[in-house]
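So the mapping is simple: the numbering used here equals the position in the sequence shown, first residue as 1, plus 1310. Backbone N, C-alpha and C define an ideal beta-carbon position, used for all residues, glycine too. Everything below concerns the one structure shown next.
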Amino acid sequence: MISQFFILSPQRGDTLIFRDYRHDTPRDVPDLLLDKLKTWQKNHGTELDPPPIFNVDGVNFLFTNIQGLYFVCTTKFNVSPFMIYELLGRIATLIKDFCGILSEECLRLNSSLVYELLDEIIDYGYVQTTLTDQLKSYVYEDPVPVKRENIIINSLAKLKAPGTNLGSSRNRPIVHSRDERSSKQNEVYIDMIEQLVASFASNGMTVRAEINGSIQIKSYLQGNPEIRLGLNSNIVLGRDKDISSDKYGIVFDDYKFHDSVDPTDFNEYRRMVIFPPEGETTIMNYRISSDVSLPFRIFPILLRDPKCPNRMDITIKIRADIPEDKFVSKCTLTVPLPRVTQSVSNENTDDSNEQSFQYDNRIKNIIWTINNLKGGTEQSIKVKITGATSFSAVAELEIGPISLEFDIPNYTCSNIQIRKLKVYEKNKSIPPQRWVRYFTISESYICRV
């Protein structure tokens, strides 16, 4: 049971959307949340995320950061956190479906549409529906388009690579204004996104490697026709890996389909029939934990100077094991340092203008950022650390682990490709346009020191 829902802009501290459903909590709770966040950042810095759930004067706050905006629910009841976070994610997706994009300016321009949407989703604190197909029949407000030059696109949309299309068509709302409803459109967008979870020992050996993949679809096809999608023929399902004769198969440990997918032919032919609903939908999730080809290797080296016990050197080398025609638009390495660290200086062993180095003395972290890292290349950096006192064995344990954040366009570590994508339409007057993109991003990519 939800008492309030609101959306905050952390940059300005403005309350963009606010809806009080039960009137049993104070109306100044957005200010309480902002004060709590500011206090947290003052004490812990901006690199450490605040806890997603906390209680103030008997009011439970549950919030998440989605594309730079805080989506918040408050309640005085003992609700399921999983249900609340699923609801917050669905509300963000629905706003994107009905408004085209999710940004601060879009919410300001389409506030009446968002309020109408929220009134249909939640009634007196109880969730009614989050299905786009059902809500489309009850929401009558027309979306106000955001000018293209003012659109703030998320990090995935900023990626540009050969073979991808990053036009503004994918940012259109599913419901157009009355002046635009007669315009013809017949397009479908499919994104294959793989999130990597990997950990390495200090010598570079892989301790754990796992891929959490998803296939997302956003359809503008007329009449919601049937779509047939085929994947690699060498995919081996988890229950068949012991009897499969394909030594180079891609083993799915787990996989799950959306309700709009008919997977009858997937077990035998690795293809599925999709009846895409309105809006953006994840039609398939899968997990791979064997024979994962990791895109980066990290090699840290720690050196102590016996003559200066309060000094030490850390050399970090990163190697891109992706094809030479691929690149990483931006990768960031974060290294925690001992609490006794007093000063830090860096010596960039590979002179390049595409790198930056930053040290945050408040939380004792160094941040090394590399732009446009090409496949088949290496980069390294040498960091000199000076401590207020001598570095003990306990202080050395406080170094690391090194965490790496990256996103790679037009590339998948599993080598899964969409081999077939066909739209079966009754009306063939407008040929359907099909767009496919591939992304690999880091979910948890760490290396011990």
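Which of helix, strand or coil DSSP assigns to residue i
i	result
L1613	strand
F1585	coil
A1705	helix
K1346	helix
F1264	As displayed, the chain neither begins before 1311 nor continues past 1759, which places residue 1264 out of reach and without an answer.
G1540	strand
G1399	helix
K1468	Note that K1468 scores 41 on pLDDT, short of 50, meaning its location in the model is unreliable and no value can be drawn from it.
I1312	coil
V1650	coil
S1422	helix
L1643	strand
Q1532	coil
N1513	coil
C1409	helix
V1454	coil
R1747	strand
V1449	coil
L1318	strand
K1352	helix
G1477	Residue confidence is low: G1477 scores 44 on pLDDT, short of 50, so the model does not pin down where it sits. No coordinate-derived value is stated.
T1442	helix
P1711	coil
I1673	coil
Minimum C-alpha distance to residue i - residue among the options
i	options	result
P1322	F1371, L1379, F1315 and P1360	With the sequence shown as reference, residue 1322 is identified as Arg, and Pro is not the correct amino acid for it. Looking at the Cα atoms, L1379 is the closest of the given residues.
I1593	V1733, Q1526 and Y1425	Q1526
F1371	E1451, D1635, K1386 and G1435	K1386
R1518	S1599, G1686 and Q1438	S1599
I1376	F1364, K1406 and I1363	K1406
S1509	G1710, W1745 and V1746	G1710
Y1530	V1571, F1408, C1757 and V1561	F1408
Y1448	L1342, V1424 and N1720	V1424
Q1743	F1373, N1496 and N1720	N1496
N1682	F1701, E1634 and L1707	E1634
Y1331	P1719, Q1314, C1618 and V1339	Q1314
F1328	H1354, M1393, S1422 and I1394	S1422
Cα-Cα separation between residue i and residue j, rounded to whole angstroms
i	j	result
D1717	L1318	27 angstroms
R1538	D1564	21 angstroms
P1336	K1346	16 angstroms
S1752	L1714	7 angstroms
G1589	I1691	45 angstroms
F1606	K1636	13 angstroms
S1413	Q1652	40 angstroms
V1366	D1324	20 angstroms
E1430	L1445	7 angstroms
S1754	L1506	7 angstroms
N1675	V1693	12 angstroms
V1733	D1631	36 angstroms
D1575	Q1727	17 angstroms
Q1438	I1432	6 angstroms
I1624	P1391	41 angstroms
Q1665	C1641	10 angstroms
Y1499	W1745	5 angstroms
N1417	F1316	The displayed chain sequence assigns Leu, not Asn, to residue 1417. So the alpha carbons of these two residues sit roughly 12 angstroms apart.
F1567	I1626	41 angstroms
V1704	R1621	15 angstroms
P1648	M1311	44 angstroms
P1320	F1381	11 angstroms
T1644	W1678	7 angstroms
G1514	V1759	10 angstroms
P1610	S1512	6 angstroms
R1747	K1528	12 angstroms
V1369	L1343	11 angstroms
R1572	M1582	Sequence check: residue 1572 is Asp here, not Arg. Distance between the alpha carbons of D1572 and M1582 is about 6 angstroms.
Q1532	P1483	14 angstroms
E1735	T1591	20 angstroms
L1760	S1700	Here the chain has residues from 1311 to 1759 only, and residue 1760 is not among them.
E1706	L1612	9 angstroms
Sheet register partners of residue i (DSSP bridge)
i	result
T1592	Q1526
M1622	R1614 and I1695
A1630	F1606
F1392	According to DSSP, F1392 bridges with nothing at all.
D1563	Partner(s): none; D1563 has no beta bridge.
Y1755	A1508
N1682	Answer is none; N1682 lacks a bridge partner.
S1724	S1724 pairs with nothing; no bridge assigned.
I1740	I1740 pairs with nothing; no bridge assigned.
P1719	F1749
Distance between beta carbons of residue j and residue i, contact taken as under 8 angstroms
i	j	result
I1628	Q1689	5 angstroms
T1374	L1358	That pair is no contact at about 16 angstroms.
Distance cut-off 8 angstroms: residue i Cβ against heavy atoms of the ligand FAD
i	result
I1712	Looking at this structure, you won't find the ligand FAD or any other ligand, since it has none at all.
Residue-level contact to chain B via CB, residue i, 9 angstroms cutoff
i	result
L1326	Among the protein chains of the structure shown there is no chain B, as only one such chain exists.
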